[in-house]
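Notes for the one structure printed next.
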Amino acid sequence: MKVLEETKSIGLPHFLPKAAFLTLLQQKVMDVSKIPFEFVDEIWNYLGNAVVSVLLRHCDNYPQLLSCTRRAAKNLIDKKHQQSIEWVKDMVEMEKLTDYTCNPEYMASCNKLMSRQDDFIETVDGSRGSWYIQIDGFGSIDVRHLHGKDSVVDAFDLKMRMTAYWDIVLRRMVDNMALHLTFSIQNLVKKEMQTEIIDELIGPQGNSLERMLEESPSVAEKRTKLEKSIKLLKESKNVVANIMDRVVDNFD
1 MKVLEETKSI GLPHFLPKAA FLTLLQQKVM DVSKIPFEFV DEIWNYLGNA
51 VVSVLLRHCD NYPQLLSCTR RAAKNLIDKK HQQSIEWVKD MVEMEKLTDY
101 TCNPEYMASC NKLMSRQDDF IETVDGSRGS WYIQIDGFGS IDVRHLHGKD
151 SVVDAFDLKM RMTAYWDIVL RRMVDNMALH LTFSIQNLVK KEMQTEIIDE
201 LIGPQGNSLE RMLEESPSVA EKRTKLEKSI KLLKESKNVV ANIMDRVVDN
251 FD
């Protein structure tokens, strides 16, 4: 009834103003709008940890790939996360924009709820001997505070239509969210992750892979020491061989 008062305008009697319906719809959408954002954050945070863990496990035997793979996975997950946030923003704004559905369940549910209108009005008027009325989905309702109020019929109409439509909105948001995330994850696994890792390995200048294969200073130092040790062993082998030859000659 408060929404009806706020959106009151010149018009024919008993015609529900569209502005009232949209105002109430926008309020209800905003009340639940945090939930899909929190769900998206939770999903992508979990996927980020899972994807990085799996990729790094497959890179155990290739330590030179670890840093590039971790960086590629994190960058892609962050990008997909942001895309989902933008998608949720659009979804919320679309639901606030207008009241539309082609789902036949809306009219079936709405007609069922509206069929109790006469009983509701009689209860509010006090002609039924009780201030309580039973309505599916609401249970037992005390309506004595509505007695003598204006716009009771319009308020009932608005409430019932919104109840029927809100079920459609919630299911549509859940279904669309599930489809969006399934599609996004499918693309990440089958298409985008491999490309992202390869791009990270190659680098913007195309020389990251070459730099990755270059020896680090510590490895180069160890290799130099090893080469010197091998050279020394060869020289020692020759010296020992010469000594043994002289010993054999002396015995002869």
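The opening residue of the sequence shown carries number 1 in the UniProt record's numbering; numbering runs sequentially from there. Glycine included, each C-beta is placed from N, C-alpha and C at the ideal position. From a predicted model like this one, the values you see are computed outputs, not experimental measurements.
| Asked | Found |
| --- | --- |
| Residue 87 versus residue 45 - alpha carbon distance | 17 Å |
| Inter-stretch contact at 8 Å, needing at least 3 Cβ pairs: the stretch 171-184 / the stretch 30-50 | yes |
| Whether residue 146 touches residue 152 by CB criterion (7 Å) | yes |
| Nearest-angstrom Cα separation, counted from residue 141 out to residue 167 | 20 Å |
| Beta-carbon spacing of residue 196, residue 68 below 7 Å | no |
| With 16 other Cβ atoms within 10 Å as the buried cut-off, status of residue 156 | buried |
| Assigned secondary structure, residue 132 (DSSP; H/G/I helix, E/B strand, else coil) | strand |
| Residue 239 versus residue 230 - alpha carbon distance | 14 Å |
| Bridge partner(s) assigned by DSSP for residue 139 | 135 |
| Burial state of residue 138, where buried means 16 or more other Cβ atoms lie within 10 Å | exposed |
| Cα-Cα separation, residue 35 to residue 93 | 14 Å |
| Continuous alpha helix (DSSP H) stretch holding residue 48: start and end | 34-58 |
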